[in-house]
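Participant: The following block contains the structure, expressed as structure tokens.
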Amino acid sequence: GGASSYALNNFGSGLTLTNNENGTLSAANTVILGSATSAGGVTINNAGTITSGAGTSGTAISLFGDNNTLNFNTSSLITGGITLESGQTNNILNLLDGTAASAVFNNSVTDGGINLLNVDANDKEWDITGPLTVAGAIHVLSGNVVITGDVANTGSGATTLDTGSSLSIGDGGTEGSLT
Numbered sequence: 024g025g026a027s028s029y030a031l032n033n034f035g036s037g038l039t040l041t042n043n044e045n046g047t048l049s050a051a052n053t054v055i056l057g058s059a060t061s062a063g064g065v066t067i068n069n070a071g072t073i074t075s076g077a078g079t080s081g082t083a084i085s086l087f088g089d090n091n092t093l094n095f096n097t098s099s100l101i102t103g104g105i106t107l108e109s110g111q112t113n114n115i116l117n118l119l120d121g122t123a124a125s126a127v128f129n130n131s132v133t134d135g136g137i138n139l140l141n142v143d144a145n146d147k148e149w150d151i152t153g154p155l156t157v158a159g160a161i162h163v164l165s166g167n168v169v170i171t172g173d174v175a176n177t178g179s180g181a182t183t184l185d186t187g188s189s190l191s192i193g194d195g196g197t198e199g200s201l202t
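Start counting the sequence shown at 24; every next residue gets the next number (this note's numbering).
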């Protein structure tokens, strides 16, 4: 018995994974482990659950190479961190709308980080509660973003809000920051 070490191992170059709402991927260690020889170009579409057996101290997703895209909708539940290996470029995190009215992104993103954060949630809300470094640009196309963690835009791109979207730093007694 017991969970296997990885749900997907050597996931790499040009592959797409779609985990639909009510779908679950879980593993004892890293749930989705990319191939160390991958050139990148991986797309993960998640509306379901991705859970590391090690909990929030574990790794849910670990990818290599450039041009990886993570699409999470508001019904996503991801337990564990996200690792994008150092030196990668053009890695994109898209926080999208879904069936849930709101969602929380509380996953640590380590090593290479995210190069572009897009929020396109229509009338839904994304709460960003953990530290998140974006090494490019942040673009809120639609929806509401509440930052109660520390978000750093360290790249040369701007933080942009389109008409009809909103961005709040802090929520009630909980502080946040955007630098």
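From the three backbone atoms N, C-alpha and C, an ideal C-beta is built for every residue, glycine too. Quick caveat, the model's predicted, so the values are computed rather than measured.
Can you tell me whether Thr102 is buried or exposed? The criterion is at least 16 other CB atoms within 10 Å of its CB, across all chains shown.
Facilitator: Reading the sequence shown from its first residue, position 79 is the one you call residue 102. Result: buried.
Participant: Count the other C-beta atoms from every protein chain shown that fall within 10 angstroms of the C-beta of Asn69, then say buried if there are 16 or more, exposed otherwise.
Facilitator: One-based indexing of the sequence shown puts residue 69 at position 46. Answer is buried; the Cβ neighbour count reaches 16.
Participant: Which of the three DSSP states, helix, strand or coil, is assigned to Thr79?
Facilitator: Locating residue 79 in the sequence shown gives position 56, counting from the first residue. Reduced to three states, the DSSP call for Thr79 is helix.
Participant: According to DSSP, is Gly24 helix, strand or coil?
Facilitator: Counting from one through the sequence shown, the residue named residue 24 turns up at place 1. The predicted position of Gly24 is uncertain, since its pLDDT is 47 and thus under 50; a value taken from the coordinates is nonetheless stated next. DSSP places Gly24 in coil when its eight states are reduced to three.
Participant: Ignoring anything shorter than 3 residues, give me the beta strand (DSSP E) runs that lie fully in the region 60-130, in order along the chain.
Facilitator: List check, beta strand (DSSP E) in window: 66-69, 72-75, 82-86, 92-96, 100-102, 104-107, 115-119 and 125-128.
Participant: Express the C-alpha separation of Leu48 and Ser125 in angstroms, rounding to a whole number.
Facilitator: As a working note, residue 125 is residue 102 in the sequence shown. As a working note, residue 48 is residue 25 in the sequence shown. Roughly 21 Å separates the two Cα atoms.
Participant: Can you check whether the CB of Ile170 is closer than 9 Å to the CB of Ser189?
Facilitator: Position 166 of the sequence shown, counting from 1, holds the residue named residue 189. Position 147 of the sequence shown, counting from 1, holds the residue named residue 170. No, the Cβ-Cβ distance between Ser189 and Ile170 is not below 9 Å.
Participant: In whole angstroms, what separates the C-alpha of Gly24 from that of Val54?
Facilitator: As a position in the sequence shown, residue 24 is number 1, starting the count at 1. As a position in the sequence shown, residue 54 is number 31, starting the count at 1. In this prediction, Gly24 has a pLDDT of 47, which is less than 50 and means its spatial position is unreliable; nothing more can be read from the coordinates.
Participant: Going by DSSP in three states, Thr177 sits in which element: helix, strand or coil?
Facilitator: What you label residue 177 is simply residue 154 of the sequence shown in a count that begins at 1. Note: Thr177 maps to coil in three-state DSSP.
Participant: Take the Cβ of Gly46 as the centre, count every other Cβ of all protein chains shown within 10 Å, and call the residue buried at 16 or more, exposed below.
Facilitator: Mapped onto the sequence shown, residue 46 falls at position 23. That one is exposed.
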